[in-house]
Structures are given as structure tokens and as C-alpha cells.
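In this note's numbering, the protein residues as written are 41 to 153.
Following this line, the structure appears as C-alpha cells:
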């Protein structure tokens, strides 16, 4: 597997959102530098998992389903890439947010079944 070239170095990671645990984020955020466009919080899968899942919002299903593109990070790491996520981190499991035209993360519209 090729080595990933992250947008931020370890030395650039500052305390932005400490103590939330781990999360999953796609390479569109950590490698490509895209803002979080969609995120949701599900029941945690491990004791240290926050349940947060972060996406740029333009990933295809094929891309998002490829384990090579989705990595577990500390929530603080993702908050360094996109500090605006700090506004939603206290939301309960079952919450979902999307970026609106003003650039704010707002509750995602319920999908039609």
C-alpha cells in the first residue's frame, strides 16, 4: 500500500477538541484537505470510539467502502483539519450534520425511505 501524504504534519496538530476519543475520517479530509461536508455519530464500536464518522461529502460509495480510504483518528486530529466540527461534537449518537451553503454544519435533512 502506498504511503499517505497527510496535509498536516504531526507537529502541526494542536489541542482543538481533546477528550472525545477516536473517529473515522476519509482521506478526502486528511490527505486531500477537503472540509468536512457530512458527518454523523453512531453507537461507538469500541471503548475509545466516539462514534463520529467524517466525510467530505463527495465520496462515492465505492470510495467510502474501500478501507484504504477510511482511517481511525483521534477526533482532535480531524478537528485540526476542520475546526468547525467542534460545534457539533457534543451531539448525541444518531445525529447527522451537513455543510450548508453558508458553510455551517447544520442538522442533515432526514432521508426519505
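Ideal Cβ positions, reconstructed from N, Cα and C, are used throughout, including at glycine.
These numbers were taken from a predicted model, which means no experiment stands behind them.
Environment of residue i [buried if 16+ CB atoms lie within 10 Å]
i, result
"residue 146", "exposed"
"residue 49", "exposed"
"residue 153", "Unreliable positioning characterises residue 153 in this predicted model, as indicated by a pLDDT of 41, which lies under 50. A coordinate reading is not provided."
"residue 99", "buried"
"residue 72", "exposed"
"residue 101", "exposed"
"residue 122", "buried"
Proximity of residue i and residue j at Cβ, strictly below 9 Å
i, j, result
"residue 148", "residue 103", "no"
"residue 128", "residue 61", "no"
"residue 74", "residue 96", "yes"
"residue 126", "residue 56", "yes"
Selection from the options that minimises the alpha carbon distance to residue i
i, options, result
"residue 142", "135, 124, 133", "124"
"residue 58", "68, 49, 81, 90", "90"
"residue 88", "51, 64, 44", "64"
"residue 137", "46, 80, 51", "80"
"residue 105", "66, 117, 51", "66"
"residue 140", "117, 76, 111", "76"
Presumed contact (8 Å Cβ cut-off) between residue i and residue j, rounded CB distance
i, j, result
"residue 94", "residue 69", "6 Å"
(request) Report yes or no: do three or more beta-carbon pairs, one from the stretch 80-89 and one from the stretch 131-139, lie closer than 8 Å? (result) yes
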